[in-house]
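*Asks:* Residue numbers (this note's numbering): 45 to 372.
Every residue, glycine too, gets a C-beta built ideally from N, C-alpha and C.
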Amino acid sequence: MMPMLVSAAVAFVIALVCAVAIGFAIQRGSTCAVTAVSEFVNTRSASRLGALLEAQVWVLGLLVAGHVLFRIHIQLPVYELSAATFAGGLLLGVGAWINGACLVGLIGRIGSGDLAFVAAPIGFFLGRLSVEPLLYMPKPVRSGSIIFEFPGLVLVSFLVFLAWRSWRIVTLVQQERALGPTLRHLWHPRTSTTIIGIAFAIMVPFAGMWAYTEVLADIAGGRKMNLLGRCGLFLALLLGSVTAGVFLKGARIRPLRMFRVLRCLSGGVIMAWGSALVPGGNDALSLVGQPFLLPYAWTAMATMYGTLFIGMSALAIIKRKQQDKCQG
45 MMPMLVSAAV AFVIALVCAV AIGFAIQRGS TCAVTAVSEF VNTRSASRLG
95 ALLEAQVWVL GLLVAGHVLF RIHIQLPVYE LSAATFAGGL LLGVGAWING
145 ACLVGLIGRI GSGDLAFVAA PIGFFLGRLS VEPLLYMPKP VRSGSIIFEF
195 PGLVLVSFLV FLAWRSWRIV TLVQQERALG PTLRHLWHPR TSTTIIGIAF
245 AIMVPFAGMW AYTEVLADIA GGRKMNLLGR CGLFLALLLG SVTAGVFLKG
295 ARIRPLRMFR VLRCLSGGVI MAWGSALVPG GNDALSLVGQ PFLLPYAWTA
345 MATMYGTLFI GMSALAIIKR KQQDKCQG
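1) How close, in whole Å, do the beta carbons of methionine 315 and leucine 120 come, if the pair is a contact with beta carbons under 8 Å?
2) Taking the straight line between their C-alpha atoms, what separation do you get for alanine 245 and cysteine 62?
3) Which full runs of the beta strand (DSSP E) of 3+ residues lie inside the segment 118 to 157, going along the chain?
4) Give the range of the alpha helix (DSSP H) segment to which lysine 369 is assigned.
5) Closer than 8 Å is the cut-off here; do at least three beta carbon pairs connect the segment 273 to 290 with the segment 52 to 72?
6) Do glycine 188 and valine 103 have their C-beta atoms within less than 7 Å of each other?
7) Where do the ends of the alpha helix (DSSP H) carrying arginine 296 lie?
8) Run the CB neighbour count on alanine 207, radius 10 Å, all protein chains shown included, and call it buried at 16 or more, exposed below.
9) DSSP three-state call for arginine 186: helix, strand or coil?
10) Leucine 178 by DSSP, collapsed to three states: which one?
11) By how many angstroms is the C-alpha of proline 339 removed from the C-alpha of leucine 170?
12) Quick one: give me the first and last residue of the alpha helix (DSSP H) that glutamine 71 is part of.
13) Please report the distance separating the alpha-carbon of glycine 252 from that of aspartate 368.
14) Whole angstroms are fine: how far does the CA of arginine 234 sit from the CA of glycine 94?
15) Between the alpha carbons of alanine 99 and valine 332, how many angstroms are there, rounded?
16) Pairs of beta-carbons, one from the segment 184 to 202 and one from the segment 120 to 129, closer than 8 Å: are there three or more?
17) Answer with buried or exposed for threonine 257, where buried requires no fewer than 16 other C-beta atoms within 10 angstroms of its C-beta.
18) Proline 249 by DSSP, collapsed to three states: which one?
19) Helix, strand or coil for tryptophan 208? Go by DSSP, reduced to three states.
20) Count the other CB atoms, across all protein chains shown, that sit within 10 Å of the CB of valine 81; report buried if there are 16 or more and exposed otherwise.
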């Protein structure tokens, strides 16, 4: 996993820096599945959804390159596709819809000063705590991905992607005719997800396939695998988000309202139930399972996105009808 020439202390520092960068990018770009689906429902734009997909391309390309060039071993637990996968994706979608943010997006909301969202990870922990004694936790049926059977094809495709992305940046610079305005314009959801993908890929050799929801799940289940270091990465993730919110967006703490706290708490609980069934939260599924084309991850995330789309579309229709009645 960890490169042989790097000590454990240096590896942990590198992982911490990557976690800070991921938290920073999540907050700066408002990276969230709920926001992406909401944009599509309201404007029919798939820009944010495309940005989330682009992060997965960076993760896949860089990790496969590391595997081929530096023999970096990548552990990919593969779970069985079953009815529980669909049920888990459904609960992830319902919980995110109630919460108003997915398990990635709530990190950004906390960094924006909306402390009601602190209740969401607390709810996630309580939700996992409630189901750990009741559910049979599925075990991986195998390890690996079909991707590793075609590393050359992946690397060539990734180089094509890099060439296309570079061409897009050069074109934008030429249109703006100045680098300063271009850099300001470039800081949008795609920039954020690019940073997330690159930072996560760099982190993997030093900290493994890390996700903060898995840390909370392991604490709830009494599993003590390097918990201290992984909790440190979770705090670094929050630090990055808070830093971006305070120093770049001038975030201010919002007054706590009991309804919002209970909403975030209940949303976190429901997402925890979903993550236990899949298994995995949408943070791990998006950055680990989907890039490597694992069927259970794509099925769960498609179900989650579909649930969010149906819920938001129904709500939009109801609001339009109410507005028509008021105008009539």
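*Replies:* From the atom records:
1) Incorrect: roughly 23 Å between the Cβ atoms, too far for contact.
2) 9 Å
3) none
4) 339 to 371
5) yes
6) no
7) Segment: none, arginine 296 is in no alpha helix (DSSP H) and carries neither H nor E.
8) exposed
9) strand
10) coil
11) 28 Å
12) 52 to 73
13) 53 Å
14) 8 Å
15) 11 Å
16) yes
17) buried
18) helix
19) helix
20) buried
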